[in-house]
Amino acid sequence: MKVVIAPDSFKGTLTAAEVASLIAKALKENYPETETDEAPVADGGEGTLDCIYKAIGGQLISKRVRGPYQKKVTARLLITPGGSAVVELAEAAGLAIVKDNKNPMLTTTYGVGELIKEALDRGAGEVILALGGSSTNDGGIGMAVALGLKAYDKDGNEFLPTGGTLSEIWRLDFRGLDTRISKTRFLALCDVTTGLCGKEGAAYIFAPQKGATAEMLPLLDKGLFDLNKRIEEATGKSYLELEGGGAAGGAGAGAAAFLSAKMVRGIETILDLINFDARIKDADYVITGEGRADNQSFMGKVLSGVANRVSETNAKLILLVGSCVADEETLKRYGVTAVYQTGTKGNTLSEIKKKAPADLYFAAKKIVL
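Here the numbering used here runs 178 ahead of the position in the sequence shown, where the first position is 1.
Rendered as structure tokens:
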């Protein structure tokens with residue numbers, strides 16, 4: 179019997195690789211003859227770099243860059259065996275870095291640009307930029323400034339805009355942008371279709387989880403709108419209608435505008451990169467999961483990506499999650515045959531984090547094959 183274990187991370191508590199390892203351990207104890215294949219996945223957000231590294235290897239590089247609040251942090255990038263670079267935005271501008279000190283008015287993606295520059299310095303002909311898990315709402319302009327873009331205020335002073343000061347940009351000068359960008363292929367991995375602005379845009383949909391108050395939302399939204407105006411004045415192109423432009427606080431639109439990045443579905447790209455179809459072809463079961471499964475989990479994210487691939491095989495799909503609020507109709511439509519929940523509870527994140535490994539392991543021990 180063969181079981182492929184392909185979970186996403188349990189955000190804030192366990193990485194996808196940790197989840198896969200714990201499930202495999204539990205299965206081996208219950209079913210010693212079972213062949214397990216650990217295939218942790220991600221949707222283009224946090225955990226993408228580790229997922230790709232575990233699947234195909236390469237060279238992990240650590241670099242000191244500016245963090246969300248411009249203090250130095252250590253961030254990683256990956257050079258794959260084929261010479262592509264993988265840059266994960268969350269490594270330099272992620273929510274995990276700021277922890278409880280969240281304020282998207284003040285945070286920047288500058289460090290992401292420094293990682294991209296390192297990738298270019300190392301001769302990468304392709305850069306895979308994993309969007310998601312960001313603490314920012316700066317439209318990716320910090321990233322671009324690190325790569326040579328210049329932003330000027332109304333008095334002609336050059337400055338580094340953040341989410342709260344995008345409306346102060348009077349003019350953008352693209353002439354200083356690193357010339358290697360135009361010779362490099364950029365793919366922006368994205369798990370949302372959110373646009374840049376408006377009530378369904380980056381600020382209103384995602385900024386509250388980054389610490390934005392109700393008063394901040396219209397200011398952040400207007401900032402992204404004004405940034406797009408400045409980009410349009412400089413290039414003749416608008417990114418208001420770009421699907422996924424609102425990903426990572428507007429960094430999706432920024433990647434398209436400043437890097438000419440192609441927006442691609444994160445989960446589909448990653449499943450292809452890790453050779454997922456070949457790995458599940460002869461599987462009897464596929465186990466996937468994440469921290470909290472709801473109906474949204476099946477809209478272009480890990481669970482739907484895995485489920486769609488499994489539906490082309492004879493394998494049975496099992497879901498192991500922290501909690502599940504997805505309705506039965508959705509689960510049935512995506513071919514889920516059984517759901518197991520860890521039920522981890524706690525008053526604080528550190529308490530939940532402490533309990534999570536044991537709870538996951540014991541939930542996995544209940545899986546019946």
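Here a beta-carbon is modelled for each residue, glycine too, at the ideal position from N, C-alpha and C.
Is the region 315-328 close to the region 426-446, with three or more CB pairs under 8 Å? Yes, the region 315-328 touches the region 426-446.
What is the DSSP secondary structure of residue 441, counted as helix, strand or coil? Counting from 1 along the sequence shown, the entry for residue 441 is found at position 263. In this structure, residue 441 counts as strand in the three-state DSSP scheme.
According to DSSP, is residue 298 helix, strand or coil? Numbered from its first residue, the sequence shown carries residue 298 at position 120. Collapsing the DSSP output to three states places residue 298 in a helix.
C-alpha gap between residue 507 and residue 515, whole angstroms: Counting from one through the sequence shown, the residue named residue 507 turns up at place 329. Counting from one through the sequence shown, the residue named residue 515 turns up at place 337. The straight-line gap from Cα to Cα measures roughly 12 Å.
Give me, in chain order, the residues of the same chain whose beta-carbon lies closer than 6 Å to that of residue 326; leave out the 5 immediate sequence neighbours on both sides. Taking the sequence shown and counting its residues from 1, one reaches residue 326 at position 148. Cβ within range, chain order: 354, 355 and 356.
Could you have a look at residue 237 and say whether DSSP puts it in helix, strand or coil? Mapped onto the sequence shown, residue 237 falls at position 59. Note: residue 237 maps to strand in three-state DSSP.
Which ranges does the beta strand (DSSP E) cover as unbroken runs of at least 3 residues, wholly within the region 468-508, from first to last along the chain? Within the region 468-508, the runs of beta strand (DSSP E) that reach at least 3 residues and sit entirely inside it are, in chain order, 494-499.
Cut-off 7 Å between Cβ atoms - residues of its own chain near residue 214, not counting five sequence neighbours on either side: Locating residue 214 in the sequence shown gives position 36, where the first residue counts as 1. Taken in chain order, the residues that qualify are 181, 183, 202, 205 and 206.
Run the CB neighbour count on residue 361, radius 10 Å, all protein chains shown included, and call it buried at 16 or more, exposed below. Here residue 361 refers to the residue found at position 183 of the sequence shown. Here residue 361 is exposed, its C-beta having fewer than 16 other C-beta atoms within 10 Å.
Three-state class that DSSP yields for residue 188 in the structure shown: Taking the first residue of the sequence shown as position 1, residue 188 is located at position 10. When secondary structure is reduced to three states using DSSP, residue 188 falls in the strand class.
Residue 519 to residue 479, Cα distance in whole Å? Taking the first residue of the sequence shown as 1, we reach residue 519 at position 341. Taking the first residue of the sequence shown as 1, we reach residue 479 at position 301. So the alpha carbons of these two residues sit roughly 19 Å apart.
Contact check, residue 499 vs residue 457, beta carbons under 8 Å: Indexing the sequence shown from 1 puts residue 499 at position 321. Indexing the sequence shown from 1 puts residue 457 at position 279. Not closer than 8 Å, so no.
Residue range of the alpha helix (DSSP H) that includes residue 274: Position 96 of the sequence shown, counted from the first residue, corresponds to residue 274. Start and end: 273-276.
Could you check where the alpha helix (DSSP H) with residue 322 kicks off and where it finishes? Residue mapping note: residue 322 aligns to position 144 of the sequence shown, counting from 1. Per DSSP, residue 322 belongs to the alpha helix (DSSP H) from 319-324.
Of the residues 262, 253, 185 and 420, the one placed nearest residue 229, counting alpha carbons only: Translated into positions along the sequence shown, residue 229 becomes position 51. Of the listed residues, the one whose Cα sits closest to residue 229 is 185.
In whole angstroms, what is the alpha-carbon distance linking residue 547 and residue 522? Translated into positions along the sequence shown, residue 547 becomes position 369. Translated into positions along the sequence shown, residue 522 becomes position 344. Distance from the CA of residue 547 to the CA of residue 522, rounded to the nearest whole angstrom, comes to 23 Å.
Option in 221, 271 and 348 with minimal Cα separation from residue 451: As a position in the sequence shown, residue 451 is number 273, starting the count at 1. For the options 221, 271 and 348, the alpha carbon positioned closest to that of residue 451 is the one of 221.
Here's a check: name, in chain order, each residue in its chain whose Cβ is nearer than 8 Å to the Cβ of residue 453, leaving out the five neighbours to either side. Along the sequence shown, one-based indexing puts residue 453 at 275. Answer for residue 453: 233, listed in chain order.
Going by the CB atoms, is the gap between residue 366 and residue 441 shorter than 8 Å? Working through the sequence shown from its first residue, we reach residue 441 at position 263. Working through the sequence shown from its first residue, we reach residue 366 at position 188. Going by C-beta atoms, residue 441 is nearer than 8 Å to residue 366.
What are the start and end residues of the beta strand (DSSP E) that includes residue 330? As a working mapping, residue 330 is identified with position 152 in the sequence shown. Counting along the chain, the beta strand (DSSP E) containing residue 330 begins and ends at 328-330.
Between the alpha carbons of residue 416 and residue 376, how many angstroms are there, rounded? What you label residue 416 is simply residue 238 of the sequence shown in a count that begins at 1. What you label residue 376 is simply residue 198 of the sequence shown in a count that begins at 1. The alpha-carbon atoms of residue 416 and residue 376 are separated by roughly 15 Å.
Taking 8 Å as the limit between beta carbons, can you name the residues of its chain near residue 444, skipping five residues before and five after? Here residue 444 refers to the residue found at position 266 when the sequence shown is read from its first residue. Take residue 444, set aside five residues on each side of it, and the residues of its chain with a beta-carbon closer than 8 Å to its own are 220, 221, 222, 223, 226, 308, 309, 310, 367, 368 and 369, in chain order.
Give the single residue among 291, 336 and 385 whose Cα lies nearest to the Cα of residue 284. In the sequence shown, residue 284 corresponds to position 106, counting from 1. Among 291, 336 and 385, the Cα nearest to that of residue 284 belongs to 385.
Determine the extent of the alpha helix (DSSP H) in which residue 537 is found, giving its start and end residues. Sequence index remark: in the sequence shown, residue 537 carries index 359 (1-based). Annotation: the continuous alpha helix (DSSP H) that includes residue 537 extends over 527-543.
Let me check one thing: in DSSP terms, what residues is residue 216 bridge-paired to? In the sequence shown, residue 216 corresponds to position 38, counting from 1. Paired residue(s): 183.
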